[in-house]
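In my numbering, the protein residues as written are 53 to 135.
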Amino acid sequence: MHHSDAPLLAHELYVAVLSSGAPAIEMTLSTAGARIRITAQGQDLLPLLSSHGPAWMLITGLSHSAGLTPDELGIWAQLSARQ
Numbered sequence: 053m054h055h056s057d058a059p060l061l062a063h064e065l066y067v068a069v070l071s072s073g074a075p076a077i078e079m080t081l082s083t084a085g086a087r088i089r090i091t092a093q094g095q096d097l098l099p100l101l102s103s104h105g106p107a108w109m110l111i112t113g114l115s116h117s118a119g120l121t122p123d124e125l126g127i128w129a130q131l132s133a134r135q
């Protein structure tokens with residue numbers, strides 16, 4: 053699976069969670085069919101700036117869909133692997 057925007061998207065997700073002050077960040081990559089889902093998750097609740105700040109516009113612009121994890125400790129983004 054490959055997508056030219058995946059490295060940039062992973063970086064933006066990582067930085068958004070890092071800004072929450074999390075001492076450790078877990079990055080997860082999952083694939084299903086032609087979809088790639090990248091998740092970055094920390095141990096602290098994400099502040100509003102991390103979850104909906106300037107990076108959020110880049111994350112949502114690069115991905116087909118994005119959102120917060122249900123516990124609000126992480127951010128995920130999904131894109132198509134066809135690029």
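Built from N, CA and C at the ideal position, the CB exists for glycine as well. Just so we're clear, the structure is a prediction, and the values are computed from it rather than from any experiment.
query: Which partner residues of W128 appear in the DSSP bridge assignment?; result: T91 and G119
query: May I ask you to verify whether the region 80-93 touches the region 101-108, counting CB pairs closer than 8 Å and requiring at least 3?; result: no
query: Starting from S82 and walking both ways along the beta strand (DSSP E), at which residues does that stretch end?; result: E78 to A84
query: Enumerate in chain order the residues of its own chain whose CB-to-CB distance from E124 is below 8 Å, with the five nearest sequence positions on each side excluded.; result: L97, L98 and S103
query: If you follow the alpha helix (DSSP H) that P59 is part of, which residue opens it and which one closes it?; result: A58 to L70
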